[in-house]
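Taking the numbering used here, the leading residue of the sequence shown gets 9, the next gets one more, and so forth.
Cβ coordinates follow ideal geometry from the N, Cα and C atoms, glycine included.
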Amino acid sequence: MLDIESFSKNNFSAAYRNIVAMCSADTHYENNSFILEGTEKLIKEELVRCIWFGQHVEKENVRTDDGRRIEILSPGWWNNEEGPDFKHAEFLLEGKGLIRGNVEIHVFASDWIHHKHEKQKTYDTVSLHVVMWNDLKGKCVKNSTGETIPQLTLSNYLEAELDDIIETIDVGSYISDKQVNPGHCNLEREKHKITEQWIGSFLDYAGDERILQKAKKYEKWVENKPFEQALYEAIMESLGYKNNKKPFLMLASLVPVETIRSFVPEDASAQEKKIILQSLLLGMAGLLTQREEAAKEYDAETLHYFHLIASAWSTIQKKINLLPLSRENWSYTGIRPANFPERRIVAIAGILAEHLTQGIFRHILRIFQKTDATKRNTKLFKSFVPDIMSLFLETHDAYWSYHYTLGGKKLSKPQKLLGKERASTIFVNVIIPIMLVYARKHSDTALEERLHHIYRNYTPHPPTSVSKFMGTRMFGTTKVSNKVVNSARRQQGLYQLFKDFCENDTVSCNKCALYVAMGKT
9 MLDIESFSKN NFSAAYRNIV AMCSADTHYE NNSFILEGTE KLIKEELVRC IWFGQHVEKE
69 NVRTDDGRRI EILSPGWWNN EEGPDFKHAE FLLEGKGLIR GNVEIHVFAS DWIHHKHEKQ
129 KTYDTVSLHV VMWNDLKGKC VKNSTGETIP QLTLSNYLEA ELDDIIETID VGSYISDKQV
189 NPGHCNLERE KHKITEQWIG SFLDYAGDER ILQKAKKYEK WVENKPFEQA LYEAIMESLG
249 YKNNKKPFLM LASLVPVETI RSFVPEDASA QEKKIILQSL LLGMAGLLTQ REEAAKEYDA
309 ETLHYFHLIA SAWSTIQKKI NLLPLSRENW SYTGIRPANF PERRIVAIAG ILAEHLTQGI
369 FRHILRIFQK TDATKRNTKL FKSFVPDIMS LFLETHDAYW SYHYTLGGKK LSKPQKLLGK
429 ERASTIFVNV IIPIMLVYAR KHSDTALEER LHHIYRNYTP HPPTSVSKFM GTRMFGTTKV
489 SNKVVNSARR QQGLYQLFKD FCENDTVSCN KCALYVAMGK T
């Protein structure tokens, strides 16, 4: 195995890049397997997914419906979101060679047509259509671009009678507990008796690389804007989660920090600042339009709040010569009401109002700089995180803490405008990399050391589908994974590996840096 300890451990090092470069030599696939044999019965699609994922099939002479030999190297990993059922499957197809892509599962081949997948761009990424029975005359299906997608009929290759297979599968627990098979990296780890310490060090380096790549992105941002604006935009982007990153970033660019400051009188009270900033940001987000009619149905509390906001927005509109976003820019699909854009905008308005003079960036920087650079004060180090997190977690609003929507039912208990998980994500993915850019730009090695100390000791975020997938692929069980991935740094390392190799359909498992490094002599 690679001598993992020979690489630099100084702060955020480029060790991972060097390891990847060293491990880029070509390797060859082992000849894994082939598959399946049949029967017929009305079953649910979930069961077909389980059969595919568990590869309950024979291992020889499998062919697609058009007669091409196919060898399944990996069924992919379960997709719990919109789109194809499995992502990043890997198979060898006669005449095409190695293919890595998505797989869509159906009970009948005709379901592809019934579900209108041939018209949906979401399914253009499908590389293989897997069905239990082919009830069509055709031997393949087509996507929205007219491209032919090979089709595999499982009933021709089942490893046992379908009734017997059904008896062995608990669909509910299968989906929740067995979404991922251990990968080639897990087999290689066991083969070479790779220690948890070695794997941990590899993930440490990968975690550093993830921060360095984020820092590179923000380094470009600060080339033409102050750190204060860059941090504000980065926080806004993070508040958008997956669905609303773009409109949040557009809003931050449309209404920069300096513009925000220009609308707030110096003698404004804390509450007045909040109202002005809420009206400015909600108005420019296009989320205050078409409210006049709805106001007729508002309760007294909502009506009072709405009049304050509407009055402030009316004043702002006379002074600002910018076209707001529209409500159509924002997505509410799949978002919990507590995380609706309005509440996130109110949250950032409160944070900005509280730190309008000094600015969020300077506030955070001063927290990091409150200890002597020549000493390592553990107590002070531990205080950095809660001091910074309080900036996000202690944001409260008299109206929005008790409402999910304007005019909606009042909640019995206040709900945080920003939860601990989102605040933690902002801390790791935004604050640390931007502060690293500042530290290196100003040759502040003490600041970089503090950032790295916090990063390597920071608790991992709650598991995501990616971290669960990677943990099981690499370690076989979540128990071992949870033991090794004991910091945000290592968890981010999982994400980096996933991005560079597992998610990359142009790179097969045997070319993954982790896989190669474990077998390196």
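Assign H36 to one of two classes, buried (16 or more other C-beta atoms within 10 Å of its C-beta) or exposed (fewer than that).
In the sequence shown, the residue the question calls residue 36 occupies position 28. Only weak support exists for where H36 lies, its pLDDT of 39 falling under 50; the value from the coordinates is given anyway. Counting Cβ neighbours within 10 Å, H36 comes out exposed, since fewer than 16 surround it.
Compute the beta-carbon to beta-carbon distance between G501 and R218, rounded to the nearest angstrom, for a pair I have assumed lies under 8 Å.
Along the sequence shown, one-based indexing puts residue 501 at 493. Along the sequence shown, one-based indexing puts residue 218 at 210. Right, the Cβ-Cβ distance comes to about 7 Å (below 8 Å), so this counts as a contact.
Is the number of C-beta pairs between the segment 111 to 118 and the segment 142 to 150 that are closer than 8 Å three or more?
yes
Quick check on the burial criterion: 16 or more other C-beta atoms within 10 angstroms. Buried or exposed for T310?
Walking along the sequence shown from the start, residue 310 turns up at place 302. It is buried - the Cβ of T310 has at least 16 other Cβ atoms within 10 Å.
Determine the extent of the alpha helix (DSSP H) in which L144 is found, giving its start and end residues.
What you label residue 144 is simply residue 136 of the sequence shown in a count that begins at 1. No alpha helix (DSSP H) holds L144; DSSP gives it neither H nor E.
What is the DSSP secondary structure of H64, reduced to helix, strand or coil?
Start at 1 with the first residue of the sequence shown, and residue 64 comes out as number 56. In the three-state DSSP reduction, H64 falls in the coil class, being neither helix nor strand.
Where does the unbroken alpha helix (DSSP H) through H461 begin, and where does it stop?
Here the question's residue 461 lines up with position 453 in the sequence shown. Note, H461: alpha helix (DSSP H), T453 to N465.
From V28, I268, F392 and A242, pick the residue whose C-alpha is nearest to that of C520; which is it?
Start at 1 with the first residue of the sequence shown, and residue 520 comes out as number 512. It is V28 whose Cα lies nearest to the Cα of C520.
Tell me the residue span of the beta strand (DSSP E) that contains G208.
Locating residue 208 in the sequence shown gives position 200, where the first residue counts as 1. G208 -> not in any beta strand (DSSP E); alpha helix (DSSP H) instead, spanning E204 to W229.
Considering only DSSP beta bridges, list what K108 is partnered with.
The count along the sequence shown starts at 1 and reaches residue 108 at position 100. Reading off the sequence, residue 108 comes out as Arg, not Lys. Its beta-bridge partners are E98.
On a Cα-Cα basis, can you pick out the residue from K95, V139 and E90 that is closest to Q128?
By one-based count along the sequence shown, residue 128 stands at place 120. The closest CA to that of Q128, considering only K95, V139 and E90, is found on E90.
Considering only residues of the same chain and omitting the five flanking positions on each side of E45, which have a CB-CB separation below 6 Å?
One-based indexing of the sequence shown puts residue 45 at position 37. Here the model assigns E45 a pLDDT of 28, short of 50, so the residue's position is not dependable, and the following value carries that caveat. Result list for E45: E66, Y165 and L166, in chain order.
Could you check which residue in K282, E280, N465 and N87 has the C-alpha nearest to that of D212?
Position 204 of the sequence shown, counted from the first residue, corresponds to residue 212. Residue N465 is the option with its Cα nearest to D212.
Can you round the beta-carbon distance between L290 and R335 to whole angstroms, since I take them to be within the 8 Å contact cut?
Here residue 290 is taken as the residue at index 282 of the sequence shown, counted from 1. Here residue 335 is taken as the residue at index 327 of the sequence shown, counted from 1. Going by Cβ atoms, the distance from L290 to R335 rounds to 11 Å, so no, they are not a contact pair.
Reducing DSSP to helix, strand and coil, say where L419 ends up.
Translated into the one-based positions of the sequence shown, residue 419 becomes position 411. Look at L419 here: in three-state DSSP terms it is coil, with no helix or strand label.
If I measure Cβ to Cβ from Y410 and keep anything under 7 Å in the same chain, skipping five residues before and after, which residues do I get?
For the purposes of this step, residue 410 is taken as residue 402 along the sequence shown, with counting starting at 1. Correct list, in chain order: K418, L419 and P422.
Got a sec? Which residues, its chain only, sit under 6 Å from P471 by beta carbon, not counting five neighbours each side?
Stepping through the sequence shown from its first residue, residue 471 is reached at position 463. Closer than 6 Å at Cβ, skipping near neighbours: no residue.
Going by DSSP, which residues form a beta bridge with R71?
One-based indexing of the sequence shown puts residue 71 at position 63. Its beta-bridge partners are R77.
Inspect the beta-carbon positions of Q279 and I317 and report whether they are closer than 8 Å.
Translated into the one-based positions of the sequence shown, residue 279 becomes position 271. Translated into the one-based positions of the sequence shown, residue 317 becomes position 309. No, Cβ-Cβ distance for Q279 and I317 is not below 8 Å.
Could you have a look at Q499 and say whether DSSP puts it in helix, strand or coil?
Position 491 of the sequence shown, counted from the start, is the residue given in the question as residue 499. Collapsing the DSSP output to three states places Q499 in a helix.
Measure from the alpha carbon of G103 to the alpha carbon of each residue in E511, A346, P158 and N329, then state which is nearest.
Here residue 103 corresponds to residue number 95 of the sequence shown, with the count starting at 1. Closest by alpha carbon: P158.
Who does I113 pair with in a DSSP beta bridge?
Within the sequence shown, numbered from 1, the residue matching residue 113 stands at position 105. DSSP output for I113 lists V138 as bridge partner(s).
Quick check: what's the CA-CA separation for F435 versus P349?
Looking up residue 435 in the sequence shown gives position 427. Looking up residue 349 in the sequence shown gives position 341. Rounded to whole angstroms, F435 to P349 spans 20 Å at the Cα level.
Looking at the structure shown, is L330 part of a helix, part of a strand, or coil, going by DSSP?
Counting from 1 along the sequence shown, the entry for residue 330 is found at position 322. L330: coil per DSSP, three-state reduction.
Between which two residues does the alpha helix (DSSP H) harbouring Y286 extend?
Position 278 of the sequence shown, counted from the first residue, corresponds to residue 286. The sequence given here has Gln at residue 286, not Tyr. Where Q286 is concerned, the enclosing alpha helix (DSSP H) stretches over A278 to M292.
Can you grab the Cα-Cα spacing for the pair H92 / R370, in whole Å?
Translated into the one-based positions of the sequence shown, residue 92 becomes position 84. Translated into the one-based positions of the sequence shown, residue 370 becomes position 362. At residue 92 the sequence reads Pro, which differs from the His that was named. Taking the straight line joining both Cα atoms gives about 45 Å.
Pick out the complete alpha helix (DSSP H) segments inside the segment 307 to 364, 4 residues or longer, and give them in chain order.
308 to 327 and 349 to 362
In the DSSP assignment, find the alpha helix (DSSP H) that holds L414 and state where it starts and stops.
Translated into the one-based positions of the sequence shown, residue 414 becomes position 406. Counting along the chain, L414 falls outside any alpha helix (DSSP H), and DSSP gives it neither H nor E.
If you run the structure through DSSP and keep just helix, strand and coil, what is T480?
Stepping through the sequence shown from its first residue, residue 480 is reached at position 472. The answer is helix: DSSP assigns T480 an H, G or I state.
Rounded to whole angstroms, what's the CA-CA distance from F94 to E54? Just pull it up for me.
For the purposes of this step, residue 94 is taken as the residue at position 86 of the sequence shown. For the purposes of this step, residue 54 is taken as the residue at position 46 of the sequence shown. Taking the straight line joining both Cα atoms gives about 12 Å.
Mapping DSSP to helix, strand and coil, what is P158?
In the sequence shown, the residue the question calls residue 158 occupies position 150. The answer is strand: DSSP assigns P158 an E or B state.
Reducing DSSP to helix, strand and coil, say where A23 ends up.
Along the sequence shown, read from residue 1 onward, the residue named residue 23 stands at position 15. If DSSP states are grouped into helix, strand and coil, A23 belongs with the helices.
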